[in-house]
Amino acid sequence: MNPKLNSIEAEYLDIMHRNGWPLIYQRVGQECQKLPYTCVEAKRPHNKALNRYRDVNPYDHSRIVLQRSENDYINANLVRVWFQNARAKWRRMVTKQENKMSDKCSPDGSLEMDMYHGPMGSIQSLPPHSPPYSVMGGPPSPNSMECP
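According to UniProt numbering, numbering within the sequence shown proceeds without interruption in unit steps and concludes at 148.
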């Protein structure tokens with residue numbers, strides 16, 4: 001078994017044995033209060049009832065805003081995460097496709113990708129650089145990949 005996984009499991013069992021979850025929850029709350037972010041929308045009277053927990057609110061700067069609703073509030077944040085091996089998985093998926101891409105390493109070590117042939121032989125340019133993975137988004141753009 002993975003030694004890192006064993007370490008995580010041991011830490012989890014230790015916390016369970018000590019009944020340590022309330023203390024951890026309290027510490028996380030204290031650390032979050034130090035951040036310079038606001039939760040004004042979550043605390044508005046007409047939105048309070050929509051919060052599942054009274055002390056877990058979305059930040060205003062990263063909250064999901066509903067577009068097709070009378071009230072644009074939902075207790076949810078857009079969370080951006082970078083999954084380990086996402087680039088490699090995305091790269092394998094792309095290479096399995098019928099479309100051929102030409103790529104080359106630039107002097108600075110980044111991967112440059114040129115035009116590729118899309119469906120029916122049409123030539124399309126690759127999408128511009130986009131940020132790493134997000135829960136709501138797709139894979140990273142080819143321009144964000146690095147040379148092996």
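By construction, the Cβ of each residue, glycine as well, lies at the ideal position given by its N, Cα and C atoms. Values in this document were obtained by computation on a predicted structure and should not be read as measured data.
Asked: Looking at the structure shown, is N71 part of a helix, part of a strand, or coil, going by DSSP?; Found: coil
Asked: Where does the unbroken alpha helix (DSSP H) through V56 begin, and where does it stop?; Found: Looking at the DSSP string, V56 is not in any alpha helix (DSSP H), and its letter there is neither H nor E.
Asked: Which same chain residues end up closer than 8 Å to N77 when comparing Cβ atoms and leaving out the 5 residues on each side of it in sequence?; Found: P58, Y59, S62, R63 and I64
Asked: State buried or exposed for A42, treating a residue as buried only when at least 16 other CB atoms are found within 10 Å of its CB.; Found: buried
Asked: List the endpoints of the continuous beta strand (DSSP E) containing V65.; Found: R63 to V65
Asked: Within 10 angstroms of the Cβ of Y37, are there 16 or more other Cβ atoms? Answer buried if so, exposed if not.; Found: exposed
Asked: With a CB to CB cut of under 8 Å and the five nearest residues on each side skipped, what residues in its chain are close to P3?; Found: none
Asked: On the three-state DSSP scale, how would you describe A49?; Found: coil
Asked: Would DSSP call N85 helix, strand or coil?; Found: coil
Asked: In the DSSP output, what is N77 paired with across the bridge?; Found: R63
Asked: Classify Y37 as helix, strand or coil using the three-state DSSP reduction.; Found: coil
Asked: For the alpha helix (DSSP H) containing R18, name the first residue and the last one.; Found: P3 to R18
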